[in-house]
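I have placed the structure first, in the form of structure tokens, so that the comments after it can refer back to it.
Residue numbers (this note's numbering): 1 to 516.
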């Protein structure tokens, strides 16, 4: 009986809202002034430049599940076209979440989705949301997909979304007993007799039309607004919170067409990656560079001729750079046309097997690592990455000062990459795939620039402290790249991406007295 009453209410309200919605002002008419004391409610879709939820389900399926799960979700995309919005949502939820573990979904919602939400944020609606005193978001999307982003990045007070059914530590792919969230009903239950001051929703969704009619002031994001916003990407400097770390393997928004293109490319891409890696490992540097360029790799090497390789019998030069992928030492070796040693904090067996240059592992014990680095420098040139980890975004992490204490022969260099399909590094995924994924990109860009050698007066031999030297080299590299220097470290990255204080505490025990 109650269900029939709700259906009758929905039918009546839908009819009324369809009459009202055409007269609702565009969101462009909403003033940003005097909103500090007001309550704003909106749907999550109105915060994005696109109305399609498919790419975000695909990100969960691919990054939190597997490539097979992503393929099944792609196969469902033609069927979704013939279903109504509720059935579309239920089908995408089932394919995406069936059998997924809590921790995998939590990882994607924490370390993957925020990047794509920020890149697709509707800047105009965000400014209105940011100006309000109390912010509340209601959405039919699963709450686990949006809550972390909304609370951490947009400072939303209340997030109401669809709840998923679970068994043990797994999602079943079905909705809980409450089903898909009905926005107008959720708004009424949350506010009771109180009425929200401002409501923002999409003019194309009848569910948004219903809850907008419940607000004192209502504004609609119409097709014209979306067309304008689709060409206006939110500048990185306007992000509500800097996006420094993320763990996305995909470098593009996986719309159905873009995902189909990826799957078509995969077969050729795997063979191309094997070819490129073999070329870089087995051919002489000059020939390898030619073959890599012919295969589509864009190499941009800028090397100072004044830097002369160390002679036999003399201590080597220490090349210090920022870190992007596991291929950084190999690319520097190709650029300089000579082999040298490299040190890394962690190197998987597959990457070590493939590496054509000598590598040594550090264990984050200061005395032990210092001995290894000193030994390698005494035998020849050495490359080191003081960040201790990679960073995909245009930021430089804090440099360890250990390298500055071991030699005054320091040559900074910069590394930058640009990919269109796959990122060549991951924190929680399969590390052995990093180099393969980087090489699988259709036209990856690898840029290396060798900077001028540090003069004696800017080293410890010239009276500087090790921290001053490390900070100077960090800033020099950041300025050359146009990146921003940060005070963040590898432990900060692990905490932000994995979100587990226990992991950070374990890292602290592992580092012993290793000071940054």
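Idealized CB from N, CA, C, for every residue including glycine.
Going by DSSP, what residues sit across from residue 415 in a beta bridge? Working through the chain shown from its first residue, we reach residue 415 at position 415. According to DSSP, residue 415 bridges with 448.
Please determine, among 132, 427, 324, 46, the residue with the shortest C-alpha to C-alpha distance to residue 223. Here residue 223 corresponds to residue number 223 of the chain shown, with the count starting at 1. Measuring from the Cα of residue 223, the nearest candidate turns out to be 46.
If I measure Cβ to Cβ from residue 216 and keep anything under 6 Å in the same chain, skipping five residues before and after, which residues do I get? Within the chain shown, residue 216 is the residue found at index 216, counting from 1. Only 195, 197 meet the Cβ criterion.
Tell me the DSSP secondary structure of residue 237 in three-state form. Against the chain shown, residue 237 aligns to sequence position 237. If DSSP states are grouped into helix, strand and coil, residue 237 belongs with the helices.
Measure how close the beta-carbons of residue 397 and residue 387 come, nearest whole angstrom, since I'm counting them as under 8 Å. Start at 1 with the first residue of the chain shown, and residue 397 comes out as number 397. Start at 1 with the first residue of the chain shown, and residue 387 comes out as number 387. With a Cβ gap of about 4 Å, residue 397 and residue 387 count as contacting.
Segment contact, 8 Å Cβ cut-off, at least three pairs: the segment 24 to 42 with the segment 122 to 136: yes
Going by DSSP, name the residue or residues bridged to residue 250. Here residue 250 refers to the residue found at position 250 of the chain shown. Partner(s): 422.
Which ranges would you report for the beta strand (DSSP E) in the segment 27 to 106 if only whole runs of at least 3 residues count? 39 to 43
At what residues does the alpha helix (DSSP H) containing residue 259 begin and finish? Here residue 259 corresponds to residue number 259 of the chain shown, with the count starting at 1. Run containing residue 259: 256 to 282, per the alpha helix (DSSP H) assignment.
What is the DSSP secondary structure of residue 396, reduced to helix, strand or coil? As a position in the chain shown, residue 396 is number 396, starting the count at 1. Of the three classes helix, strand and coil, the one that applies to residue 396 here is strand, per DSSP.
Could you check what DSSP says for residue 493 in three-state terms: helix, strand or coil? What you label residue 493 is simply residue 493 of the chain shown in a count that begins at 1. Here residue 493 sits in helix by DSSP.
At least three beta-carbon pairs within less than 8 Å, the segment 369 to 380 to the segment 315 to 324: yes
Limits of the alpha helix (DSSP H) - the one that residue 333 falls within: To locate residue 333, count along the chain shown from 1; it is residue 333. From DSSP, the alpha helix (DSSP H) with residue 333 extends over 328 to 336.
Give me, in chain order, the residues of the same chain whose beta-carbon lies closer than 6 Å to that of residue 498; leave out the 5 immediate sequence neighbours on both sides. Position 498 of the chain shown holds residue 498. Hits under 6 Å: none found.
Decide if the segment 249 to 265 is in contact with the segment 415 to 435; the criterion is three or more beta carbon pairs, one per stretch, under 8 Å apart. yes
Between which two residues does the alpha helix (DSSP H) containing residue 148 stretch? For the purposes of this step, residue 148 is taken as residue 148 along the chain shown, with counting starting at 1. Its alpha helix (DSSP H) spans residues 143 to 152.
Between residue 112 and residue 137, is the Cβ-Cβ spacing less than 7 Å? Against the chain shown, residue 112 aligns to sequence position 112. Against the chain shown, residue 137 aligns to sequence position 137. No, these two residues do not count as a Cβ contact at 7 Å.
Using three-state DSSP, classify residue 488 as helix, strand or coil. Here residue 488 refers to the residue found at position 488 when the chain shown is read from its first residue. Residue 488 falls in the coil class under three-state DSSP.
Applying the criterion that 16 or more other CB atoms from any shown protein chain within 10 Å of the CB defines a buried residue, is residue 338 buried or exposed? Translated into the one-based positions of the chain shown, residue 338 becomes position 338. Flag for residue 338 reads exposed.
So what does residue 160 bridge to, in DSSP terms? The sequence position of residue 160 within the chain shown is 160, counting from 1. Answer by DSSP bridge pairing, in chain order: 138.
Would you call the CB atoms of residue 291 and residue 446 closer than 7 Å? Residue numbering aside, residue 291 sits at position 291 when the chain shown is read from its first letter. Residue numbering aside, residue 446 sits at position 446 when the chain shown is read from its first letter. No, the pair does not count as a contact, with Cβ atoms beyond the cut-off.
Quick one: is residue 399 buried, meaning 16 or more other Cβ sit within 10 Å of its Cβ, or exposed? The residue you call residue 399 lines up with position 399 of the chain shown. By the 10 Å Cβ count, residue 399 comes out buried.
Tell me, to the nearest whole angstrom, how far the beta carbon of residue 243 is from that of residue 115; I am working on the premise that it is less than 8 Å. Position 243 of the chain shown, counted from the first residue, corresponds to residue 243. Position 115 of the chain shown, counted from the first residue, corresponds to residue 115. Confirmed, about 6 Å.
Pick helix, strand or coil for residue 461, following the three-state DSSP scheme. What you label residue 461 is simply residue 461 of the chain shown in a count that begins at 1. Reduced to three states, the DSSP call for residue 461 is helix.
Per DSSP, what kind of secondary structure is residue 132 in: helix, strand or coil? In the chain shown, the residue the question calls residue 132 occupies position 132. Coil.
Segment contact, 8 Å Cβ cut-off, at least three pairs: the segment 180 to 196 with the segment 136 to 155: yes
Identified DSSP bridge partners for residue 201: In the chain shown, the residue the question calls residue 201 occupies position 201. 220.
Taking the continuous alpha helix (DSSP H) assigned at residue 472, which residues delimit it? If you number the chain shown from 1, residue 472 lands on position 472. Where residue 472 is concerned, the enclosing alpha helix (DSSP H) stretches over 466 to 481.
If you measure between the beta carbons of residue 64 and residue 104, is that distance less than 7 Å? As a working mapping, residue 64 is identified with position 64 in the chain shown. As a working mapping, residue 104 is identified with position 104 in the chain shown. Yes.
Whose C-alpha, out of 288, 171, 172, is nearest the C-alpha of residue 296? On the chain shown, position 296 is the one that residue 296 refers to. When only C-alpha atoms are compared, the closest one is 288.
Span of the beta strand (DSSP E), counted from its first residue to its last, around residue 299: In the chain shown, the residue the question calls residue 299 occupies position 299. Taken as a continuous stretch (DSSP letters only), the beta strand (DSSP E) holding residue 299 covers 298 to 302.
Which term fits residue 39, buried or exposed, when burial requires 16 or more other beta carbons within 10 angstroms of its beta carbon? The sequence position of residue 39 within the chain shown is 39, counting from 1. Label assigned to residue 39: buried.
Alpha carbon to alpha carbon, how far is residue 496 from residue 110? Within the chain shown, numbered from 1, the residue matching residue 496 stands at position 496. Within the chain shown, numbered from 1, the residue matching residue 110 stands at position 110. Cα to Cα, the separation comes out at about 8 Å.
Is the beta carbon of residue 362 sitting closer than 7 Å to the one on residue 410? Here residue 362 corresponds to residue number 362 of the chain shown, with the count starting at 1. Here residue 410 corresponds to residue number 410 of the chain shown, with the count starting at 1. Cβ distance not < 7 Å, so residue 362 and residue 410 don't count as in contact.
What residue range is occupied by the uninterrupted beta strand (DSSP E) comprising residue 341? Start at 1 with the first residue of the chain shown, and residue 341 comes out as number 341. It spans 341 to 344 - the beta strand (DSSP E) in which residue 341 sits, taken as one unbroken run.
Quick check on DSSP: helix, strand or coil for residue 214? As a first step, residue 214 must be located in the chain shown, where it is residue number 214. Looking at residue 214 - three-state DSSP - the assignment turns out to be coil, as it is neither helix nor strand.
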